[in-house]
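Have a look at the structure below, then the notes.
In the numbering used here, the protein residues as written are 1125 to 1288.
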């Protein structure tokens, strides 16, 4: 395991540990919101450079090396339509599935994936995200869907202005 993957595993462990401690003190929902505090801002800083000026599919594809450093094996499928910029993020490996059981959680999804999707929604107000299936629930992969209104590309807008 690379040093970066070990660091990521330690961060995941710390998140489970912190959540478990907070949940015992203040309840699960308050613990979740506490861990979510500041996450949208981090998500904006981390993912914004990939997706702000690109389609979701192109941006997520550029992020694959960063996800790989977290122990994830990911593919991206562009499911855009003319009016919707959309992508499926398919994760073949869940690096937190085994870690979550160390802390007594049968599923890591609430603490890791649901929080990630919510942070993304809060960071990028024009984007929605949802978890379509998870390895924790018996699927062979985890699939996330992200959507936002399609952005008109500058080249397309200029071409339309020239033809008017």
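Ideal Cβ placement from N, Cα and C applies to all residues, glycine included.
Is the beta carbon of residue i sitting closer than 7 Å to the one on residue j?
i: residue 1198; j: residue 1215; result: yes
i: residue 1252; j: residue 1271; result: yes
i: residue 1187; j: residue 1202; result: no
i: residue 1128; j: residue 1193; result: yes
i: residue 1243; j: residue 1189; result: no
i: residue 1136; j: residue 1223; result: yes
i: residue 1183; j: residue 1174; result: yes
i: residue 1257; j: residue 1267; result: yes
i: residue 1143; j: residue 1160; result: no
i: residue 1274; j: residue 1207; result: yes
i: residue 1200; j: residue 1211; result: yes
Quick check on the burial criterion: 16 or more other C-beta atoms within 10 angstroms. Buried or exposed for residue i?
i: residue 1225; result: exposed
i: residue 1218; result: buried
i: residue 1205; result: exposed
i: residue 1167; result: buried
i: residue 1250; result: exposed
i: residue 1172; result: exposed
i: residue 1195; result: buried
i: residue 1177; result: exposed
i: residue 1134; result: exposed
i: residue 1264; result: exposed
i: residue 1155; result: buried
i: residue 1148; result: exposed
Give me the DSSP bridge partner(s) of residue i.
i: residue 1148; result: Per DSSP, none; premise fails for residue 1148.
i: residue 1271; result: 1210 and 1252
Any beta strand (DSSP E) of 3 or more consecutive residues that is wholly inside the stretch 1168-1203
1198-1202
Continuous beta strand (DSSP E) assignments of at least 3 residues falling wholly in the stretch 1214-1266
For the beta strand (DSSP E) assignment, the uninterrupted runs of no fewer than 3 residues enclosed by the stretch 1214-1266 are, from N- to C-terminal side, 1251-1257.
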